[in-house]
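Using the UniProt record's numbering, you'd call the opening residue of the sequence shown number 200 and step up by one each time.
What follows is a set of notes on a single structure, which appears directly below.
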Amino acid sequence: NWSMAGFRAAKIAEIREQVGDGKVICGLSGGVDSAVAAVLIHEAIGDQLTCVFVDHGLMRLGEAEQVVSLFREHYHIPLVHVEAEALFLGGLAGVTDPEAKRKFVGKTFIEVFEAEAKKLGGADFLAQGTLYPDVIESVSFTGGPSVTIKSHHNVGGLPERMNMKLVEPLRELFKDEVRRLGVELGLPPAFVGRHPFPGPGLAIRIPGEVTKEACDTLRKADAIYLDEIRKAGLYDEIWQAFAVLLPVRTVGVMGDGRTYDRVCGLRAVTSVDGMTADVYPFEASFLTRTATRIVNEVKGINRVVYDYTSKPPGTIEWE
Ligand code: XMP
């Protein structure tokens, strides 16, 4: 694709010009955007870039390992992997309010990141995978300028506090363009094609209290759901598909025993940029197959429901 090749070359020149021989730190979220930004910047300035991956333990199944191995083994990009699951889950204990969860994860992410940056001796620049829709949504979100629907998790405020300038090479791009750029940069298509994942991670897919046990249960259900979607060849048609774990328990029967377990909700939407979304119309047989697998294979879940709400009036994430 000539236009992405052109964009890549122009951005590399721009980054070199902006950064000079300065040091850059990039916070990896585990998602596509920050990964593409990091690879692009590394191509421009090599080991003047260090990546810091704050692993909050709220990722999808196998995701943290994927990111770490991709950066260390495949790209040889210097990467600090901070395993902070205990810190995040400890702080989330007893927290049930969605905004409180978002704020705690955002704030803690910044604190951990800041501490790591200090250990590295600081840097002149902070790199972020900010996209064009992020730039717009932070100004006016679904509810209009005066209403905060959801506090988006990002590292806002950090650059000033740490006296760093921002490098944001993806600011003009939409998600599909970031994916094309990622492929252009040699990232595995399956990696760049992954569905978006919110900064606060599974914390906002578990209404009610977030515990290690709930995260593990949800990860299993989510992995089965995505496995079925891939097997059906639907993954790339869907903007985002994920499971949520509800705090509600309902009665069921398995074998000749009574069960009293949690409810799992499934969500899948199509969208261009996440600002509006339509429900993905699965065939009934797909949903039946997936629900059966989840209830049979995941301990702690005995009922599965499908979310039929578009955005608006729903949001994509449940919290
Ligand atoms: P909502 O739930 O607001 O989500 O309809 C729109 C899109 O944004 C993602 N999302 C986030 N992404 N940090 C992020 O980086 C966040 O705090 C966050 N909250 C929601 C969501 O997954 C969807 O793609």
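All C-beta atoms, glycine included, are put in the ideal place defined by N, C-alpha and C.
* Return the chain-ordered list of same chain residues with a C-beta closer than 8 Å to the C-beta of Thr-458, the five sequence neighbours on each side being excluded. => These residues qualify, in order along the chain: Val-450, Gly-451, Val-452, Asn-501.
* **Residues bridged to Leu-325 (per DSSP)** => Answer is Ile-224, Leu-365.
* In the DSSP assignment, find the beta strand (DSSP E) that holds Ile-515 and state where it starts and stops. => Annotation: Ile-515 is outside any beta strand (DSSP E) and is labelled neither H nor E by DSSP.
* Pro-397, buried or exposed, once every other Cβ within 10 Å from all chains shown has been counted against 16 -> Using a 10 angstroms sphere on the CB of Pro-397, the tally of other CB atoms reaches 16 or more, which defines it as buried.
* Asked: Name the DSSP beta bridge partners of Arg-207, please?
  -> Looking at the DSSP assignment, Arg-207 forms no beta bridge with any residue, so it has no partner.
* Do Val-462 and Tyr-507 have their CB atoms nearer than 8 Å? -> Not in contact: Val-462 and Tyr-507 (Cβ atoms no closer than 8 Å).
* **CB-CB length for residue 519 against Leu-365, believed under 8 Å** => Because the chain spans 200 through 518 in this model, residue 519 falls outside it and cannot be assessed.
* To do: Measuring alpha carbon to alpha carbon, tell me which of Val-253, Gly-256, Ile-211 ends up nearest Gly-245.
  => Proximity to Gly-245 across Val-253, Gly-256, Ile-211 peaks at Ile-211, based on C-alpha coordinates.
* Kindly give me the distance between the Cβ atoms of Gly-432 and Asp-460, rounded to whole angstroms, as I take these residues to be in contact under 8 Å. => Rounded, the Cβ-Cβ distance is 31 Å, inconsistent with contact.
* Determine the direct distance from the alpha carbon of Ala-490 to that of Ser-484, and round the result to whole angstroms. => Computed Cα separation, rounded: 10 Å.
* Asked: What separation, rounded to the nearest whole angstrom, lies between the Cα atoms of Phe-206 and Glu-518?
  -> Distance between the alpha carbons of Phe-206 and Glu-518: 36 Å.
* From the DSSP output, in three-state form, read off Phe-481 for me. => Phe-481 falls in the coil class under three-state DSSP.
* **Inter-residue spacing [alpha-carbon to alpha-carbon] between Ala-402 and Leu-465** => For Ala-402 and Leu-465, the distance between alpha carbons rounds to 16 Å.
* Nearest candidate by alpha-carbon position, reference Leu-286, set Glu-310, Ala-299, Pro-368 -> If we check each option's Cα against that of Leu-286, Glu-310 comes out closest.
* Secondary structure at Ala-283, three-state DSSP: helix, strand or coil? -> Here Ala-283 sits in coil by DSSP.
* In angstroms with no decimal places, state the Cα-to-Cα distance between Glu-383 and Glu-376. => Rounded to whole angstroms, Glu-383 to Glu-376 spans 10 Å at the Cα level.
* **Simplified DSSP assignment, three categories, for Gly-398** => Coil.
* To do: Would you check if the distance between the CB atom of Phe-441 and the CB atom of Asp-426 is smaller than 8 Å?
  => Not in contact: Phe-441 and Asp-426 (Cβ atoms no closer than 8 Å).
* For His-352, count neighbouring C-beta atoms within 10 Å of its own C-beta (all shown protein chains included) and say buried if the count is 16 or more, exposed if not. => His-352 comes out buried.
* To which residues of the same chain is Arg-488 closer than 7 Å at the C-beta, ignoring the five residues directly before and after it? -> Same-chain partners within the cutoff: Glu-427.
* **C-beta atoms of Val-253 and Phe-324 nearer than 8 Å** => In this structure, Val-253 keeps its C-beta atom at 8 Å or more from the C-beta atom of Phe-324.
* Asked: Quick one: what's Thr-249 bridged to in DSSP?
  -> Bridge partners of Thr-249: Ile-224.
* Regarding Pro-406 and the ligand COA, is the C-beta to nearest heavy atom distance less than 7 Å? -> You won't find the ligand COA in this model; what it holds is the ligand XMP.
* Complete runs of the alpha helix (DSSP H) confined to the stretch 264-308 [at least 4 residues] -> As far as the stretch 264-308 is concerned, its whole alpha helix (DSSP H) runs of at least 4 residues are 284-291.
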